[in-house]
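Engineer: Residue numbers (UniProt numbering), protein chains in the order written: chain A, 1 to 358; chain B, 1 to 358; chain C, 1 to 358; chain D, 1 to 358.
All residues carry an ideal CB built from backbone N, CA and C; glycine is no exception.
As the structure is a computational prediction, the values presented were derived from the model and not from experiment.
Take a look at this one; I'll ask things after.
Number of protein chains: 4
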Amino acid sequence: MFNTFGNIYRLTSFGESHGAGIGGVIDGCPSGIDLDMDFIQQELNRRKPGQSRITTPRKEDDEVQFFSGIYEGKTTGTPIGFIIWNKNQHSADYDNMKSLYRPSHADYTYQTKYGIRDPRGGGRSSARETIARCVAGAIAKLALRQRDIRIQAFTSQVGSIKLEGSYQDYDLNLTEDSAVRCPDPEKAAEMEELIAEIKSKGDTVGGVITCVITGTPVGLGEPVFGKLHAALGHAMLTINAVKGFEYGDGFDAALFRGSERNDRFFNDHGHINTHTNHSGGIQGGISNGQDIYFRVAFKSVATILMEQETVTQDCEDTILKARGRHDPCVLPRAVPIVESMAAITLLDYMLLQKTHEF
Amino acid sequence: MFNTFGNIYRLTSFGESHGAGIGGVIDGCPSGIDLDMDFIQQELNRRKPGQSRITTPRKEDDEVQFFSGIYEGKTTGTPIGFIIWNKNQHSADYDNMKSLYRPSHADYTYQTKYGIRDPRGGGRSSARETIARCVAGAIAKLALRQRDIRIQAFTSQVGSIKLEGSYQDYDLNLTEDSAVRCPDPEKAAEMEELIAEIKSKGDTVGGVITCVITGTPVGLGEPVFGKLHAALGHAMLTINAVKGFEYGDGFDAALFRGSERNDRFFNDHGHINTHTNHSGGIQGGISNGQDIYFRVAFKSVATILMEQETVTQDCEDTILKARGRHDPCVLPRAVPIVESMAAITLLDYMLLQKTHEF
Amino acid sequence: MFNTFGNIYRLTSFGESHGAGIGGVIDGCPSGIDLDMDFIQQELNRRKPGQSRITTPRKEDDEVQFFSGIYEGKTTGTPIGFIIWNKNQHSADYDNMKSLYRPSHADYTYQTKYGIRDPRGGGRSSARETIARCVAGAIAKLALRQRDIRIQAFTSQVGSIKLEGSYQDYDLNLTEDSAVRCPDPEKAAEMEELIAEIKSKGDTVGGVITCVITGTPVGLGEPVFGKLHAALGHAMLTINAVKGFEYGDGFDAALFRGSERNDRFFNDHGHINTHTNHSGGIQGGISNGQDIYFRVAFKSVATILMEQETVTQDCEDTILKARGRHDPCVLPRAVPIVESMAAITLLDYMLLQKTHEF
Amino acid sequence: MFNTFGNIYRLTSFGESHGAGIGGVIDGCPSGIDLDMDFIQQELNRRKPGQSRITTPRKEDDEVQFFSGIYEGKTTGTPIGFIIWNKNQHSADYDNMKSLYRPSHADYTYQTKYGIRDPRGGGRSSARETIARCVAGAIAKLALRQRDIRIQAFTSQVGSIKLEGSYQDYDLNLTEDSAVRCPDPEKAAEMEELIAEIKSKGDTVGGVITCVITGTPVGLGEPVFGKLHAALGHAMLTINAVKGFEYGDGFDAALFRGSERNDRFFNDHGHINTHTNHSGGIQGGISNGQDIYFRVAFKSVATILMEQETVTQDCEDTILKARGRHDPCVLPRAVPIVESMAAITLLDYMLLQKTHEF
């Protein structure tokens, strides 16, 4: 269950790290959307490992094949089936992992839950699964673009190196200029330095991604259990390695008084506006037309190239030494995934909002 | 839409702050659960305002009336309808709020989304709605108790006063001893002092609630979009005033290396165990049998007894001065709400897990 | 589970025959609908037993109490909670039924499924549950009326007495003139005669209800598993005592050739129209703007006032002799229930259709 | 929307008649099911056109390719992605249909609903879509087999030639012996004669399929809106060309008295049993352990090789003359589709039933 995300615009995904491929079905896509294939490919490229010296050297040539739901370059409103074929299915690499449980991976929980698992590369629990989300996210972005809604994420923290300012202090157009996808060039350089060092040790490091959504109309969000930020939080928490989500003032909100942080309304040349946006663009679970912004915490990923104690499937103590390749910091690659999940959620809520217009 | 929460154990709630009452329907409750009415009432009492000098003086006498789904004191498996009648429906109190938008409240977004709203006490957007969750949560707790699953939440931060240790450093049985529901008596006293001071000014303050779930079996959680922590996060983010959610190491995870924070497995007298629990009891979205723990950030609530600039519904600048009563800090009352949403989610996932046993 | 019906406009119902009452929550109702309370009451009256000599003499004074979702006489878009209190809770009447299984009733299956049941009047399996549907149906009708969509059902068969013509051969405005709700006065008289005779014997008889929906726009229906007629069929098959559903030509369609029954298109003064409507207003699961019509088969209800062999809960052979009152033919009372389920389904699909407009 | 069917065991399908292929994702499949690939292929073969002289001569070599969810021949509990590649994508054949609306086809409703459609072979509205259901159905059958649940459908009527007896009067093992899939050899011969004659004229004919499910435990079905027969009816009504559904006594039930048709319980050597099974194995929406049986009405399919009046997309009167190939009677090929939808529904409800065991 639960390989489907969304209410109206729905992604159902399938696939394991080392099976035939990762794919999915997108249902509920509005008809008549021009599918810009170059844009979609570019989005997949952003998620691809091996984009720079700081990431995993695995070269995946991720190209999507669409099966359905498209006619003469446009969406038809029928389900869009697709796959990204796996190029690397060398299961031999994983033979030694077949019978042991990697620390902080899902091997143990999958095996106990299902009584069986595909051990090759983590199987279904691999982050490679997120590539299906980038396909659905890219199409959602194309649709949202028609309504001038824009979603931009960036790396705001790696280890202890963090951007101290608000998203408004940076030129987000610089994000893609750095390998680490951080719009502050100096901090970006520091982050890259840190990641390179960690990579050389075979270790990994976590961080935070900030995401900003501009151009949303007032009214997206469904009280009480479908609050817009709850849907966004849910979306982010389904991404591998995510440990936390906050929007608007987030955890910092605990520190302040109502009198300090209420967003006061004022008459802005005949339109209702607020002096501040501590709420993060959402009030009572419904978008208020201000920028929506949130932060997503990622742990350091569990695959490290250092020896680790662990147990075999038969509960015998053993030592795991992973071989070959690893990704010291997923943050740069996770940026398009965060954007994709936000885009899917936003489009879904745009379509849901239509149901109120009677 | 979306006044329903859960997949199998489902709460559909209804009601406004100053309508006839707040109620709901619980569907999918296992049959044969003994309904301990005293326990249910006690849970409602924990959520009730006016429990101590630090909270709002409103005296709500919240008693639940059950309509269905119960026979001779036991659940029958059919839907449980219920209501908590509103005692206070003096709409006159709210006449002056009818035509203006309170800052950081949902008045503006509701009005724009629906074109109409019940302005009395915030209508549907009032936190009074959460009382229905406490009924469903209390019943879920009664069911989970049969499986030795226990859920305990406590106030771990108010303003800048915070518990520095892990939940394991405290005796959680002390939680209910303090008005603020903090298991550290010294910190509790400080928090109460702070809240009393803030109350005297007519202001409000935020904080953090920590929640711990013990006794869960291995295997709860549905990859990939139904990860257990995503469901818990979603549940928490639907609670009024919540701005953030983190589990396990949470946002702190960003700071550490994989080599520092992987939870290494070992053979613990013939059983698989981990040396640490940075994962927060969930790996790959599936419970691993360790304690599940998470933190929920609350902003200071928006209703303050100080003058605030705002606008009328017709976009004219005006001054709002709320009268009478206010709750300077919702944290203590939110503790049972956090527990309730966790209990509903856990029971739901226990029932979902059954679908894997074929 | 499954006490909720609908996707956007959703009814969650609760209640047992002899509990506190029957009620529900309507979620997803468009805001701004004027609630004509007289109309709603009139719809409940149509479902009420004891309307004439041919039905059960039970006099239920069914009045709905609304709890929420309404402000100054209009719907607000928030959930509408409601109850119809049960007047008759004399459980003593049912003491003798507590320990036995009534033939062709749900006592045995409920007891086996849940291990417990409310035996008074059939508990949750009683047709009294349908009153909640009539409330949601009445509100749906009020909304659909704004779009000039009209739903009319009538009794087209009782036992072997049946209307041979198409719905177009009758003046459906005559439906409410006869106690049996049949628009053909002669057949209506025959049906009433038959029902009176069957009633005098303590027996029951089945029949068929035909339903016609006019004014639907082109485009309602969601391929492939949400075809409009599949949703209507599902809706009808959830009504107590229903054994079959057919739309358009229905089972008769088996007898004819494609060349005889294809609905040929033609240019009707500049608009696309069809010469015939064997399809029943739906093609490929999507409404085509023609009248939608379908037929629903009801068995004779199981409660008869004649002696019947059966078994006790402990599997001992026994004789059941029901006392007091019974309904010889539910068809007349089922007419508004059929209409209500059709109205709920139609409004739901009208709202779903909005999600295609991007 | 709605390209997903099921609650726990869920099929999401995609694909058009002349696109890359027809496929889907099966979510919620129990882990550890041995996938008998020969059996699955055999089920696809049963649905294949061109199996005998009476059906369409199109030779489709339908073979399924699985993408995921399987490890070493067993299901893993993760989603099963699959495709059946289309061999025939000669869109030129359909050029003349691109701009006109075929009578009683979905061309007009799709075009109006979505503003765009894939005109090749009916696109998404083609019955070729049902092949995905046969894959999910075959896997469901393999799972149900482990619980000794068996599903058998057969052709019981073609045009006016019909089996008069109950399903119990026939040896259902003979079903596959005749091209028309009718277990009565004499009637089968008559039906084949009729179909051959109709085929020679380029015309089509409808019929009825009867389906029997044996071995179901007591307790499947979810009151009140998830009644087992409502789910089965919904499932059947989503199959192309289906116009009606009835279970147990069905429409005939209208003719009889309660005293004639109540299923009386008796003590059958210590077990509760019924003398008759007019209920069709379901009481109050819940299976009672008796055989479940139902009938599904199919209209004659709309594609005929005779001239027909119709209109172009621009509403101009024109004549349609379909070329080449057609299927005079879909009944034989629809038998495995009916079985598949029944199998999917049954497995889904078996898994749902688990949620009551707490």
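Does any CB atom of chain A fall closer than 7 Å to the CB of R124/D?
Structural biologist: Closer than 7 Å: yes.
Engineer: Using only alpha-carbon positions, find the residue among E193/D, N288/D, D118/D, F294/D that is nearest to T216/D.
Structural biologist: Comparing Cα-Cα distances from T216/D to each of E193/D, N288/D, D118/D, F294/D, the minimum goes to N288/D.
Engineer: Helix, strand or coil for C134/A, going by three-state DSSP, please let me know.
Structural biologist: Correct three-state label for C134/A: helix.
Engineer: Closer than 6 Å by C-beta to I8/C: which residues in its own chain qualify, once you throw out the five before and the five after it? Chain order, please.
Structural biologist: Answer for I8/C: G28, D348, L351, L352, listed in chain order.
Engineer: Cα separation between T155/B and L174/B?
Structural biologist: If you take the alpha carbons of T155/B and L174/B, they lie about 12 Å apart.
Engineer: Closer than 8 Å is the cut-off here; do at least three beta carbon pairs connect the segment 127-144 of chain A with the segment 39-48 of chain A?
Structural biologist: Yes, the segment 127-144 of chain A is in contact with the segment 39-48 of chain A.
Engineer: Can you pull the chain D residues whose beta carbon is under 9 Å from the beta carbon of A20/A, in chain order?
Structural biologist: Residues of chain D passing the Cβ test: Q65, F66, F67, S68, G81.
Engineer: Roughly how many angstroms lie between the CA atoms of I83/A and M341/D, to the nearest whole one?
Structural biologist: Cα to Cα, the separation comes out at about 26 Å.
Engineer: What residues from the segment 106-121 of chain B come within 9 Å of chain C, judged by C-beta to C-beta, listed N to C?
Structural biologist: Correct list: Y110, K113, Y114, G115, I116, R117, D118, P119, R120.
Engineer: Take G159/C and list the residues in its own chain whose beta-carbon comes closer than 6 Å to its own, dropping the five residues that flank it on each side.
Structural biologist: Within the same chain, G159/C has close Cβ partners L194, V205.
Engineer: Taking K354/B as the query, report the chain D residues whose CB atoms sit under 7 Å from its CB, ordered along the chain.
Structural biologist: Correct list: K354, T355, E357.
Engineer: Thinking Q283/A and Y108/B are a contact (beta carbons under 8 Å), I'd like their distance in whole angstroms, please.
Structural biologist: Right, the Cβ-Cβ distance comes to about 7 Å (below 8 Å), so this counts as a contact.
Engineer: Less than 7 Å separating the beta-carbons of D263/C and S104/D?
Structural biologist: Against a cut-off of 7 Å, the Cβ pair of S104/D and D263/C comes out as a contact.
Engineer: Within 10 angstroms of its Cβ, does P183/B collect 16 or more other Cβ (buried), or is it exposed?
Structural biologist: Under this definition P183/B is a buried residue.
Engineer: My guess is that T310/C and R102/C are in contact by the Cβ rule of under 8 Å, so how many angstroms apart are they, rounded?
Structural biologist: Right, the Cβ-Cβ distance comes to about 7 Å (below 8 Å), so this counts as a contact.
Engineer: DSSP state of Y108/C, grouped into three classes?
Structural biologist: Correct three-state label for Y108/C: helix.
Engineer: Which one of G15/B, K98/B, L331/B has the shortest CA to CA distance from L255/A?
Structural biologist: It is L331/B whose Cα lies nearest to the Cα of L255/A.
Engineer: Relative to the alpha-carbon of K74/B, which residue among L35/B, K321/B, T112/B has its alpha-carbon at the smallest distance?
Structural biologist: The shortest C-alpha separation from K74/B is found at L35/B.
Engineer: Any Cβ of chain B within less than 7 Å of the Cβ of M1/C?
Structural biologist: Yes, contact with chain B.
Engineer: If you measure from the beta carbon of D27/A to each beta carbon in chain D, is any gap under 7 Å?
Structural biologist: For D27/A, the answer is yes, since a Cβ of chain D falls inside 7 Å of its Cβ.
Engineer: For Y71/B, which residues from the same chain have a beta carbon less than 6 Å from its beta carbon, with the 5 sequence-adjacent residues on both sides left out?
Structural biologist: Excluding positions up to five away in sequence, the list is empty.
Engineer: Which residues in the same chain as L100/D place their Cβ atom closer than 8 Å to its Cβ, once the five residues preceding and following it in sequence are excluded?
Structural biologist: The answer, listed in chain order, is D107, T310, V311, T312, Q313, T318, L320.
Engineer: In its own chain, which residues sit with a C-beta less than 7 Å from the C-beta of M97/C, not counting the 5 before and 5 after it?
Structural biologist: Within the same chain, M97/C has close Cβ partners P119.
Engineer: Using a C-beta cutoff of 7 Å, does T210/D count as contacting chain A?
Structural biologist: Not an interface residue.
Engineer: Looking at the C-beta of I8/A, does it have a partner C-beta in chain C at a distance below 7 Å?
Structural biologist: Closer than 7 Å: yes.
Engineer: The alpha helix (DSSP H) that contains N267/A, what's its start and end?
Structural biologist: Where N267/A is concerned, there is no enclosing alpha helix (DSSP H), although the beta strand (DSSP E) it sits in stretches over 265-268.
Engineer: Please report the Cβ distance between F2/B and G226/A, rounded to the nearest whole angstrom; I am assuming they are in contact, meaning their Cβ atoms lie under 8 Å.
Structural biologist: The pair is a contact, with the Cβ atoms about 3 Å apart (cut-off 8 Å).
Engineer: Considering V335/D, what are the terminal residues of the alpha helix (DSSP H) in which it resides?
Structural biologist: V335/D -> alpha helix (DSSP H) spans 331-354.
Engineer: List, in order along the chain, the chain C residues whose C-beta lies closer than 7 Å to that of S31/B?
Structural biologist: What S31/B touches in chain C: Y114, G115, I116.
Engineer: Identify the contact partners of T76/C in chain B, using a Cβ-Cβ distance below 7 Å as the criterion.
Structural biologist: Correct list: Y114, I116, R117, D118.
Engineer: Listing by chain order, which chain C residues have their CB less than 8 Å from the CB of A143/A?
Structural biologist: Ordered by position in chain C, the residues that pass the 8 Å Cβ test against A143/A are F358.
Engineer: Please determine, among R295/D, I198/D, E129/D, the residue with the shortest C-alpha to C-alpha distance to M236/D.
Structural biologist: Out of R295/D, I198/D, E129/D, R295/D has the C-alpha closest to the C-alpha of M236/D.
Engineer: What separation, rounded to the nearest whole angstrom, lies between the Cα atoms of G219/D and T76/B?
Structural biologist: G219/D and T76/B: Cα-Cα distance of roughly 14 Å.
Engineer: By the criterion of Cβ-Cβ separation under 9 Å, what are the contact partners of Y71/D in chain A?
Structural biologist: What Y71/D touches in chain A: E16, G19, I116, R117, D118, P119, R120, G123.
Engineer: Within the same chain, show all residues whose beta-carbon is closer than 6 Å to that of R117/C, passing over the 5 residues directly before and after it, in chain order.
Structural biologist: Y110, Q111, G123.
Engineer: Under the three-state reduction of DSSP, which class applies to I239/C: helix, strand or coil?
Structural biologist: I239/C falls in the coil class under three-state DSSP.
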